[in-house]
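Following my numbering, the numbering of the sequence shown begins with 56 at its first residue and continues without gaps.
Glycine included, every Cβ here is placed at the ideal spot set by N, Cα and C.
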Amino acid sequence: MIHFVKTHLIARILIVVLAIILLIAAGSIAIQLTQTRSAVEEAVGSYNMRIAESYAKQMDTARYAEFLKNPQETELYWSLRQELDRFRTDIGALYVYFVRLDENGKPLLMIDGQPRESTDASPIGEETDMPEQAAQQVLAGRNATTPLIENPDYGTYISAYAPVRDAAGSFVGAIGIDTDAEVLKNLTDSVISQSIPFYLLMLLVTIGAAGFVAWVVVRALRPLRTITASAGRMAAGDLAEARAMLLSEPVRSGDEIGTAYNAMVQMSEHLNEMVSGMVAQVASASDQLAISSQEFARHAEQMLQMSESVDGSVRHIHEGAARQTQSSDESARAVEEIATGIGRISESSSTVSEAAVQALQVAEAGQSAVNRMHEQIGYISSTAAMTVEIAGRLQGYSSQMEDVLRSIHEFADQTKLLALNASIEAARAGEHGSGFTVVAQEVRKLADASSEAVQGVASLLDNIGRETAKISEQMNGATREIGEGVRLSADAEQSFMHTVTAFKLVTEQIMEVSATVEQLSAGSEEVAASVGSIAEIAHGVARQTRHIREMTDGQLGMIKQVAAASSELNGSLLNMRQAIRQVKV
Numbered sequence: 056m057i058h059f060v061k062t063h064l065i066a067r068i069l070i071v072v073l074a075i076i077l078l079i080a081a082g083s084i085a086i087q088l089t090q091t092r093s094a095v096e097e098a099v100g101s102y103n104m105r106i107a108e109s110y111a112k113q114m115d116t117a118r119y120a121e122f123l124k125n126p127q128e129t130e131l132y133w134s135l136r137q138e139l140d141r142f143r144t145d146i147g148a149l150y151v152y153f154v155r156l157d158e159n160g161k162p163l164l165m166i167d168g169q170p171r172e173s174t175d176a177s178p179i180g181e182e183t184d185m186p187e188q189a190a191q192q193v194l195a196g197r198n199a200t201t202p203l204i205e206n207p208d209y210g211t212y213i214s215a216y217a218p219v220r221d222a223a224g225s226f227v228g229a230i231g232i233d234t235d236a237e238v239l240k241n242l243t244d245s246v247i248s249q250s251i252p253f254y255l256l257m258l259l260v261t262i263g264a265a266g267f268v269a270w271v272v273v274r275a276l277r278p279l280r281t282i283t284a285s286a287g288r289m290a291a292g293d294l295a296e297a298r299a300m301l302l303s304e305p306v307r308s309g310d311e312i313g314t315a316y317n318a319m320v321q322m323s324e325h326l327n328e329m330v331s332g333m334v335a336q337v338a339s340a341s342d343q344l345a346i347s348s349q350e351f352a353r354h355a356e357q358m359l360q361m362s363e364s365v366d367g368s369v370r371h372i373h374e375g376a377a378r379q380t381q382s383s384d385e386s387a388r389a390v391e392e393i394a395t396g397i398g399r400i401s402e403s404s405s406t407v408s409e410a411a412v413q414a415l416q417v418a419e420a421g422q423s424a425v426n427r428m429h430e431q432i433g434y435i436s437s438t439a440a441m442t443v444e445i446a447g448r449l450q451g452y453s454s455q456m457e458d459v460l461r462s463i464h465e466f467a468d469q470t471k472l473l474a475l476n477a478s479i480e481a482a483r484a485g486e487h488g489s490g491f492t493v494v495a496q497e498v499r500k501l502a503d504a505s506s507e508a509v510q511g512v513a514s515l516l517d518n519i520g521r522e523t524a525k526i527s528e529q530m531n532g533a534t535r536e537i538g539e540g541v542r543l544s545a546d547a548e549q550s551f552m553h554t555v556t557a558f559k560l561v562t563e564q565i566m567e568v569s570a571t572v573e574q575l576s577a578g579s580e581e582v583a584a585s586v587g588s589i590a591e592i593a594h595g596v597a598r599q600t601r602h603i604r605e606m607t608d609g610q611l612g613m614i615k616q617v618a619a620a621s622s623e624l625n626g627s628l629l630n631m632r633q634a635i636r637q638v639k640v
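Below is the structure:
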């Protein structure tokens, strides 16, 4: 089917014409449907506005005004709601309700005309979806209608409003009537069903018009078959047959097809005259061209062999340059890695050198600290020896004091005896010796107190002696430990001296190694730079050889094209000879 359409002009013309006619018909039907739907909406809206206006004139506006003063569910409210529900049932509307506009122009539903037991009734004062334009029209005293409203709670409907005024002409509110969209759909479907005969008539007219156009086009394009067949014979080289076909079915119309037929006849006559002379000339020229073409093909083959030889040599040179470039790149990378490693070694040796210097400084500081510690331990040892000596002298003093206390104790005992004797003698003396008795008693008390004091001092001295002995023993042990510490500190001092000497030697060696590594690093950088230069030169050589190879490849390709062209030329000459033989004039 697609191939037929592509190869037949009449099919394409008919398809285009039919598509245009169908589009016009579809557009007309769509416009008709839209206008029908719009007309139904306008008719329903106008009808509802007239009903609302008629009902508004019959309403007892005084009762509504009284309700608005106290908008509560009173008996008045239920009475008005029942009236609206009865009116809704009579006219078959979806909703009938009374609306009040507040001071801001906001529409508030005050009474919903639903049955008392209905759960779908809107509460008093609920804001409605009354459009602002409709509210403005109602406030101006005009009836208003709305397009289809889609409310998720109450469904799809069209609303109509009529203002409600009291006896004085003051605006009280508006009566609203909502008609279910299903009613509009039913009316629209009814109108459309009545228009079906008209649509069928349009379809028949469209089909008839398409058939008439097809007949006219086929009749007008019929001469094209003769012209096409004649052109096919001309393309095949049979000019005489083509002219005979054109003259067998003449076209006498003066339209574009007649003009094309006349031009085709003139072209056939001119071609016969021109081709008859050209055939002889082309035949002669083709013979000479065949000889030249064979010679050209032989030279082209020789050039192709030479170019292939040159291309092979250049390819070997390019491969060698590529290997040299790769080797130089690898050498450059190796030298760079060596230079990098030497640089790291240089950095590490510098770090180690700095660490060795710091360690040497720390070791020297440690040696000084050990020297001070050795001196301090020596001082502590001498101090401990003096302490032991003082403790010994203190123990000796304690022994001497014990002897003195024993003497004092003996003196106290003797004093007691003397006091006793004095008391005895005083008793013998009678009254004359009473004074001596008192003195003897006091002396005895002093002797007892002295004896007790001597015993307390003796006890204290005994404790001091024991503590002094303990101190002496501990100081002797400490002296021995301090002596061991003195020996160990001397050994540590000697070890630190050897360590500092070794650190000095290591630091000097590390500094020499660091200097040597820095020299190696500088040398490796120079070597890396030299190898990099060599690599750049190798890359330049590789680029040049690659460019030369590209040029030789291009030259070889062109020579191959020349050889192929010469072969094609020979083939074309053979074809041209055969074509000349096929031309019939």
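Taking 7 Å as the limit between beta carbons, can you name the residues of its chain near residue i, skipping five residues before and five after?
i, result
"residue 493", "none"
"residue 412", "562"
"residue 170", "140"
"residue 658", "The requested residue 658 is not part of the displayed model; the chain covers only 56 to 640."
"residue 68", "272"
Which residues mark the beginning and the end of the beta strand (DSSP E) in which residue i is found?
i, result
"residue 213", "210-220"
"residue 234", "226-235"
"residue 643", "Residue numbering for the chain in the displayed model covers 56 to 640; residue 643 lies beyond these limits and cannot be assessed."
"residue 486", "Where residue 486 is concerned, there is no enclosing beta strand (DSSP E), given that its DSSP letter is neither H nor E."
"residue 123", "Element bounds for residue 123: not the beta strand (DSSP E) but the alpha helix (DSSP H), 116-124."
"residue 154", "150-156"
"residue 172", "Neither: residue 172 is in no beta strand (DSSP E) and is coded neither H nor E."
"residue 128", "Counting along the chain, residue 128 falls outside any beta strand (DSSP E), and DSSP gives it neither H nor E."
So, at 8 Å on beta carbons, what are the nonlocal neighbours of residue i in its own chain, with the 5 sequence-adjacent residues on each side left out?
i, result
"residue 123", "155, 165, 227, 228"
"residue 474", "495, 496, 498, 499, 502"
"residue 120", "221, 227"
"residue 470", "498, 499, 501, 502, 505"
"residue 127", "179"
According to the neighbour-count rule (16 or more other Cβ atoms, all chains shown, within 10 Å of its Cβ), is residue i buried or exposed?
i, result
"residue 290", "exposed"
"residue 44", "For the chain, the structure presents residues 56 to 640; residue 44 sits outside this window and is missing."
"residue 153", "buried"
"residue 606", "exposed"
"residue 103", "buried"
"residue 271", "exposed"
"residue 642", "Missing from the structure shown is residue 642; the chain here goes from 56 to 640 and no further."
"residue 511", "exposed"
"residue 399", "exposed"
"residue 46", "In the structure as shown, the chain starts at 56 and stops at 640, and residue 46 therefore has no counterpart that could be examined."
"residue 214", "buried"
"residue 232", "buried"
"residue 434", "exposed"
"residue 540", "buried"
"residue 207", "exposed"
"residue 367", "exposed"
"residue 234", "buried"
"residue 619", "exposed"
"residue 306", "buried"
"residue 96", "buried"
"residue 183", "buried"
"residue 100", "buried"
"residue 77", "exposed"
"residue 353", "exposed"
"residue 323", "buried"
Within 8 Å (strictly less), CB to CB, does residue i reach chain C?
i, result
"residue 226", "The question asks about chain C, but that chain is absent: this structure has only one protein chain."
Suppose the cutoff is 6 Å on Cβ atoms and the five residues either side in sequence are ignored; what does the same chain contact list for residue i look like?
i, result
"residue 193", "199, 216, 218, 229"
"residue 461", "none"
"residue 167", "152, 176, 177"
"residue 186", "201"
For the alpha helix (DSSP H) containing residue i, list its first residue and its last residue.
i, result
"residue 167", "Per DSSP, residue 167 belongs to no alpha helix (DSSP H); it is in the beta strand (DSSP E), 162-167."
"residue 296", "294-303"
"residue 203", "Note, residue 203: premise wrong, no alpha helix (DSSP H); not H, not E."
"residue 189", "187-194"
Tell me, please, whether the stretch 110-127 touches the stretch 293-305 by the rule of three or more beta-carbon pairs shorter than 8 Å. no
Inter-stretch contact at 8 Å, needing at least 3 Cβ pairs: the stretch 66-81 / the stretch 259-272: yes
At least 3 beta-carbon pairs within less than 8 Å: the stretch 178-192 vs the stretch 250-257: no
Examine the Cβ distances between the stretch 127-138 and the stretch 83-99 and report whether three or more of them are shorter than 8 Å. no
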